[in-house]
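Residue numbers (our numbering), protein chains in the order written: chain A, 1 to 209; chain B, 210 to 418; chain C, 419 to 627. Heads up, the beta-carbon is just placed ideally off N, CA and C, and yes, glycines get one too. Computed from a predicted structure; not experimentally measured.
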Amino acid sequence: MKIVPHVSLVTVIEVVAIMVGAFSGFVEARRKRMDIVGVIIVAFIAAFGGGTLRDILLDKRPLFWVEHQEYTILLFVLALTVAPFMKHLRHIVSERLIVVADAVGLGLFAVAGVSQAQAAGMPVFIAAMMGVITGIFGGVLRDIVCNEVPMVFRDGKPYAICAFAGCWMYIVLQHVDIPNDFALWLSAATISMLRLLTWKFDMRIGRPS
Amino acid sequence: MKIVPHVSLVTVIEVVAIMVGAFSGFVEARRKRMDIVGVIIVAFIAAFGGGTLRDILLDKRPLFWVEHQEYTILLFVLALTVAPFMKHLRHIVSERLIVVADAVGLGLFAVAGVSQAQAAGMPVFIAAMMGVITGIFGGVLRDIVCNEVPMVFRDGKPYAICAFAGCWMYIVLQHVDIPNDFALWLSAATISMLRLLTWKFDMRIGRPS
Amino acid sequence: MKIVPHVSLVTVIEVVAIMVGAFSGFVEARRKRMDIVGVIIVAFIAAFGGGTLRDILLDKRPLFWVEHQEYTILLFVLALTVAPFMKHLRHIVSERLIVVADAVGLGLFAVAGVSQAQAAGMPVFIAAMMGVITGIFGGVLRDIVCNEVPMVFRDGKPYAICAFAGCWMYIVLQHVDIPNDFALWLSAATISMLRLLTWKFDMRIGRPS
Numbered sequence: 001m002k003i004v005p006h007v008s009l010v011t012v013i014e015v016v017a018i019m020v021g022a023f024s025g026f027v028e029a030r031r032k033r034m035d036i037v038g039v040i041i042v043a044f045i046a047a048f049g050g051g052t053l054r055d056i057l058l059d060k061r062p063l064f065w066v067e068h069q070e071y072t073i074l075l076f077v078l079a080l081t082v083a084p085f086m087k088h089l090r091h092i093v094s095e096r097l098i099v100v101a102d103a104v105g106l107g108l109f110a111v112a113g114v115s116q117a118q119a120a121g122m123p124v125f126i127a128a129m130m131g132v133i134t135g136i137f138g139g140v141l142r143d144i145v146c147n148e149v150p151m152v153f154r155d156g157k158p159y160a161i162c163a164f165a166g167c168w169m170y171i172v173l174q175h176v177d178i179p180n181d182f183a184l185w186l187s188a189a190t191i192s193m194l195r196l197l198t199w200k201f202d203m204r205i206g207r208p209s
Numbered sequence: 210m211k212i213v214p215h216v217s218l219v220t221v222i223e224v225v226a227i228m229v230g231a232f233s234g235f236v237e238a239r240r241k242r243m244d245i246v247g248v249i250i251v252a253f254i255a256a257f258g259g260g261t262l263r264d265i266l267l268d269k270r271p272l273f274w275v276e277h278q279e280y281t282i283l284l285f286v287l288a289l290t291v292a293p294f295m296k297h298l299r300h301i302v303s304e305r306l307i308v309v310a311d312a313v314g315l316g317l318f319a320v321a322g323v324s325q326a327q328a329a330g331m332p333v334f335i336a337a338m339m340g341v342i343t344g345i346f347g348g349v350l351r352d353i354v355c356n357e358v359p360m361v362f363r364d365g366k367p368y369a370i371c372a373f374a375g376c377w378m379y380i381v382l383q384h385v386d387i388p389n390d391f392a393l394w395l396s397a398a399t400i401s402m403l404r405l406l407t408w409k410f411d412m413r414i415g416r417p418s
Numbered sequence: 419m420k421i422v423p424h425v426s427l428v429t430v431i432e433v434v435a436i437m438v439g440a441f442s443g444f445v446e447a448r449r450k451r452m453d454i455v456g457v458i459i460v461a462f463i464a465a466f467g468g469g470t471l472r473d474i475l476l477d478k479r480p481l482f483w484v485e486h487q488e489y490t491i492l493l494f495v496l497a498l499t500v501a502p503f504m505k506h507l508r509h510i511v512s513e514r515l516i517v518v519a520d521a522v523g524l525g526l527f528a529v530a531g532v533s534q535a536q537a538a539g540m541p542v543f544i545a546a547m548m549g550v551i552t553g554i555f556g557g558v559l560r561d562i563v564c565n566e567v568p569m570v571f572r573d574g575k576p577y578a579i580c581a582f583a584g585c586w587m588y589i590v591l592q593h594v595d596i597p598n599d600f601a602l603w604l605s606a607a608t609i610s611m612l613r614l615l616t617w618k619f620d621m622r623i624g625r626p627s
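Here it is in structure tokens:
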């Protein structure tokens, strides 16, 4: 009874987060003057990289972009369609919108990650880590392929920490008497909110001296 | 009855493609002034990287270079033998020969990839992607380890597109009444031809504006 | 009867090697001016990367840092505790101590790798390669994430070769009438010794001309 709505929730989570991730790959690859092949593949890596790494670490198959071939085709078609208009797109899509969409993506991906890690029987600390990995490693792999030190490791912003906090919130909420779906959405929303607040107030984390 | 010639075909495919891939790793690692350990490992990554990534994504074990330990030993012995003569080798082996061998490798690797993805039950679009991944990710991983933006993502040449077209050709040919082995070789040859033609005429693909 | 002390031996092996690996990640990430998130994640990658890659290639699950969640938590707590004192730590911890600890780590990791590869039924040449991968790929992945050409591929020192030699020694010792645990420790100690001797006498390996 429970499993069907749950799976469908995770599906919604993933589609939104994938599109946001792909866009970040698009922007970064274009900045590196890649050709259309590079732009599409980096968009794939940014969109699917975090979830794929999680699935490989959990030994979960089929990978979610194989199970949902439609995600992959959708991304491919969108990439081909959007590529010629990239320059204009950046004028239309504001910095603010990108940050908001990315914050939503971070929350959704991280919570999907912790949820799937628990479904695979991971202990709680590992599950929280898997959530963070799912949330940030799309961007990490994107930056590695683009030959950059990953942004999330050096910009001094509490991006991964927001994800980590929300993953623990979801784990704790499971011991509270609320529906699981509500716990999922609430934790994802909390991550997005934390990310937006820390961005708004330009909060910084330390560098080891 | 069918399975034996097929497997043997894929084996031939892989040995040829591996040696070509290893050579590209050799050249790149040497250009980066790596020592003999680096040169050998980068040769391994360039040769086995694409197929290994495919096998991990498909969750196929043993990996093909584990199943065929002899490939691995052959590559190791060749690398040790060839290393001292690298400088001379580049004078003997012409640019043209490298491009031709690489085109053959691309066709063989890509078709082996799509064939194995289908054997693992992948849907067609994913299978075509696995073919492209098998064909190009040896080079991608080689460039990442060598701290370069992958050549195939930025040189504006339709390398991956040739592989993608040939993978689809193989998928379509399966619905035509011809032997599977013929479809495999024909698709691989088509990829190699496309690659050589686009190289000969210096064809370019676009960069997102 | 045999399996319990063996597993416990491998456990000891891994904890020591993990801490040394994490420290190298710490130092490298700090040198790259990463923030605390980057420093912790690079420490994880340096510590767990080699073993994780081995486990993925062998298709072994749970991963050793999942099976031993306590390693992961220990590393996390240590990283948070140590981070504020990093600058002072480098003054306390001498170059010599780091090299010695790293040599011990290399021996232990490599021998753990070859032992686990054999337990997974790998043929001998592949098992020796898995030992080397376990020993050096933590550092390789650390350097890739830090956007450097991996040190072990370019510094001209026989680091990987020491590991390779010791892995073969362990494989050969299995055909000698001595206890397996003794063979493990002896091989690990040999790798560490070889590494320290080659460091002491500043031995170099060739670059392909």
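Please state whether DSSP places residue i in a helix, a strand or coil.
i                : result
Val229 (chain B) : helix
Pro626 (chain C) : coil
Gly330 (chain B) : coil
Asp155 (chain A) : coil
Asp620 (chain C) : coil
Asn389 (chain B) : helix
Lys505 (chain C) : helix
Arg560 (chain C) : helix
Leu237 (chain B) : The question names Leu, but residue 237 (chain B) in the sequence shown is Glu. Helix at Glu237 (chain B).
Leu481 (chain C) : coil
Arg404 (chain B) : helix
Glu566 (chain C) : coil
Val483 (chain B) : Beyond the ends of chain B as shown, which are 210 and 418, falls residue 483 (chain B); an answer cannot be given.
Pro423 (chain C) : Caution is warranted here: a pLDDT of 47 is assigned to Pro423 (chain C), below 50, making its placement in the model unreliable, and the coordinate value is therefore given only provisionally. Correct three-state label for Pro423 (chain C): helix.
Assign residue i to buried or exposed, taking buried as 16 or more other Cβ atoms, counted over all protein chains shown, within 10 Å of its Cβ.
i                : result
Pro293 (chain B) : exposed
Thr52 (chain A)  : buried
Thr343 (chain B) : buried
Gly624 (chain C) : exposed
Asp311 (chain B) : buried
Asp620 (chain C) : exposed
Pro388 (chain B) : exposed
Ser512 (chain C) : exposed
Leu524 (chain C) : buried
Val286 (chain B) : exposed
Val594 (chain C) : exposed
Ile215 (chain A) : Here chain A comprises residues numbered 1 to 209, so residue 215 (chain A) is not present and cannot be evaluated.
Ile463 (chain C) : buried
Pro214 (chain B) : Interpretation of Pro214 (chain B) is limited by its pLDDT of 47, a score under 50 that renders its predicted location unreliable; the figure taken from the coordinates is listed afterwards. Classification for Pro214 (chain B): exposed.
Arg413 (chain B) : exposed
Lys211 (chain B) : Annotation note: pLDDT 44 at Lys211 (chain B) (below 50); position unreliable, coordinate value reported separately. When all chains shown are included, Lys211 (chain B) counts as exposed.
Could you give the first and the last residue of the continuous alpha helix (DSSP H) run that contains residue i?
i                : result
Cys585 (chain C) : 577 to 591
Phe48 (chain A)  : 36 to 58
Leu284 (chain B) : 278 to 291
When the Cα of residue i is compared with those of the options, which residue comes out closest?
i                : options                                : result
Val236 (chain B) : B:Val225, B:Ala226, B:Val224, B:Ala252 : B:Ala252
Arg96 (chain A)  : A:Leu197, A:Gly206, A:Ala112           : A:Leu197
Phe362 (chain B) : A:Thr81, A:Val149, A:Cys162, A:Lys32   : A:Lys32
Thr608 (chain C) : C:Arg625, C:Trp586, C:Pro626           : C:Trp586
Leu186 (chain A) : A:Gln116, A:Val111, A:Gly139, A:Ile136 : A:Val111
Gly121 (chain A) : A:Ala29, A:Val176, A:Leu57, A:Met34    : A:Leu57
Val140 (chain A) : C:Gly557, C:Phe555, C:Val558, C:Ile562 : C:Ile562
Leu393 (chain B) : B:Arg404, B:Leu403, B:Ile380           : B:Ile380
Ala372 (chain B) : B:Arg239, B:Glu357, B:Met402           : B:Met402
Ala397 (chain B) : B:Ile254, B:Leu317, B:Gly259           : B:Leu317
Asp390 (chain B) : B:Ser324, B:Arg404, B:Ile345           : B:Ser324
Leu481 (chain C) : A:Ile18, A:Arg54, A:Gly49, A:Pro62     : A:Arg54
Ala583 (chain C) : C:Asn565, C:Gly549, C:Phe555           : C:Gly549
Should residue i be listed as close to the ligand ATP, given that the test is whether its C-beta is under 6 Å from any heavy atom?
i                : result
Gly259 (chain B) : As far as ligands go, the structure on display features none, and thus does not contain the ligand ATP.
Okay, do the stretch 535 to 545 of chain C and the stretch 276 to 296 of chain B touch, 3+ Cβ pairs below 8 Å being the bar?
With the cut-off at 8 Å, the stretch 535 to 545 of chain C and the stretch 276 to 296 of chain B touch.
contact_flag[the stretch 363 to 373 of chain B, the stretch 32 to 41 of chain A] where n(CB pairs < 8 Å) is 3 or more:
Yes, the stretch 363 to 373 of chain B touches the stretch 32 to 41 of chain A.
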